[in-house]
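Undergrad:
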Amino acid sequence: MPPLDDSPNTFELPPLPFAESALEPTISARTLSFHHGKHHKAYVDKANSLIKGTDRAGKTPEDVIRATAKNPDESEIFNNAAQAWNHAFYWRSLSPTATKPEAALMDAIEKTFGGLDQLKDKLREAGMKQFGSGWAWLILENGKLAVTKTGNADTPIAHGQTALLAIDVWEHAYYLDYQNEREKHLKTVLDKIVNWGFASQNFVQAMM
Ligand SMILES: [Fe+2]
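Counting from 28, one number per residue, gives the positions in the sequence shown under the numbering used here.
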């Protein structure tokens, strides 16, 4: 019998930072239940099972993602690890109550994009231009704000960027509520439930 591996899991499924129904009607409880309890959980469980007993176990999630990002032999680990991280970050990017960027982030948004509405347009465009599954992001790179998109599980961590805000544009994020209307979903999320407080905290920390 092989020895029991009782090392702690690298990846964890964090509880949602709000009730499953808290984002209604923008995102339904049914969508959140599947998205968090099935999709996110599956990425976490798979990432942990793939690295168990390997030298990737015991590393931080970010280290696992960076280490596997450029190695095609480890793409399965990367995909599940990055999706586990992306989703944990995504839940914190959403808020059931209206929020606004704090002063330092707002100042940078105005200087970089011209204003918050222009930034929301850029995030919507990024989400729409992502062909197939992926993510739209507000990031910080070399001290500057930027909007990017990534395909499938890809994540700013793999590119040396600091994520400030994530929006999931995989169909599982919106199909039950909006069917094929990705743009309507994006626009509603951006107008109603983005957690600008979380983005503000991430910005201040990254600029320290
Ligand atoms: Fe997702």
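Every residue gets a Cβ at the ideal spot worked out from N, C-alpha and C, and that includes glycine.
Given the structure is predicted, the values throughout are model-derived calculations rather than measurements.
1. Please confirm whether any heavy atom of ligand 1 lies closer than 7 Å to the CB of Trp197.
2. Within this structure, are the beta carbons of Gly154 and Val196 separated by less than 8 Å?
3. Cα separation between Met234 and Lys147?
4. Identify the continuous alpha helix (DSSP H) that holds Gly154 and give its terminal residues.
5. Taking only three categories from DSSP, how would you classify Trp164?
6. Assuming contact is defined by CB atoms lying nearer than 8 Å, are Leu191 and Leu167 in contact in what I supplied?
7. To the nearest angstrom, how far is it from the Cα of Tyr117 to the Cα of Asn36?
8. Heavy atom of ligand 1 less than 7 Å from the Cβ of Ala200, yes or no?
9. Provide the residue span of the beta strand (DSSP E) that contains Thr177, from first to last.
10. Which value, in whole angstroms, describes the spacing of the CA atoms of Phe158 and Leu150?
11. Can you name the start and end residues of the beta strand (DSSP E) that Leu43 belongs to?
12. Tell me which residues share the same chain as Tyr70 and place their Cβ nearer than 7 Å to its Cβ, disregarding the 5 neighbours each side in the sequence.
13. I need the straight-line Cα distance from Ala94 to Thr182, nearest angstrom please.
14. Please confirm whether any heavy atom of ligand 1 lies closer than 7 Å to the CB of His212.
15. When the Cα of Leu203 is compared with those of Leu77, Ile54 and Lys127, which residue comes out closest?
TA: The short version:
1. Here residue 197 refers to the residue found at position 170 when the sequence shown is read from its first residue. Yes, ligand 1 has a heavy atom inside 7 Å of this Cβ.
2. Position 127 of the sequence shown, counting from 1, holds the residue named residue 154. Position 169 of the sequence shown, counting from 1, holds the residue named residue 196. Taking 8 Å as the Cβ cut-off, Gly154 and Val196 qualify as a contacting pair.
3. As a first step, residue 234 is located in the sequence shown; it is residue number 207 there, counting from the start. As a first step, residue 147 is located in the sequence shown; it is residue number 120 there, counting from the start. Whole-angstrom Cα-Cα distance: 22 Å.
4. As a first step, residue 154 must be located in the sequence shown, where it is residue number 127. Element bounds for Gly154: Leu143 to Lys156.
5. Here residue 164 is taken as the residue at index 137 of the sequence shown, counted from 1. Of the three classes helix, strand and coil, the one that applies to Trp164 here is strand, per DSSP.
6. In the sequence shown, the residue the question calls residue 191 occupies position 164. In the sequence shown, the residue the question calls residue 167 occupies position 140. Yes. Within cutoff.
7. Here the question's residue 117 lines up with position 90 in the sequence shown. Here the question's residue 36 lines up with position 9 in the sequence shown. When rounded, the distance between both Cα atoms is 21 Å.
8. Here residue 200 refers to the residue found at position 173 when the sequence shown is read from its first residue. The answer is yes for Ala200.
9. Looking up residue 177 in the sequence shown gives position 150. Taken as a continuous stretch (DSSP letters only), the beta strand (DSSP E) holding Thr177 covers Lys171 to Gly178.
10. Here residue 158 is taken as the residue at index 131 of the sequence shown, counted from 1. Here residue 150 is taken as the residue at index 123 of the sequence shown, counted from 1. Approximately 14 Å, taken between the alpha carbons.
11. Position 16 of the sequence shown holds residue 43. Element bounds for Leu43: n/a, residue is neither H nor E.
12. The residue you call residue 70 lines up with position 43 of the sequence shown. Only Asn107, Gln110, Ala111 and His114 meet the Cβ criterion.
13. Translated into positions along the sequence shown, residue 94 becomes position 67. Translated into positions along the sequence shown, residue 182 becomes position 155. Answer to the nearest angstrom: the Cα atoms are 13 Å apart.
14. The count along the sequence shown starts at 1 and reaches residue 212 at position 185. No, Cβ of His212 sits at least 7 Å from all heavy atoms of ligand 1.
15. Residue 203 sits at position 176 when you count from the first residue of the sequence shown. That would be Ile54, whose Cα lies nearest to the Cα of Leu203.
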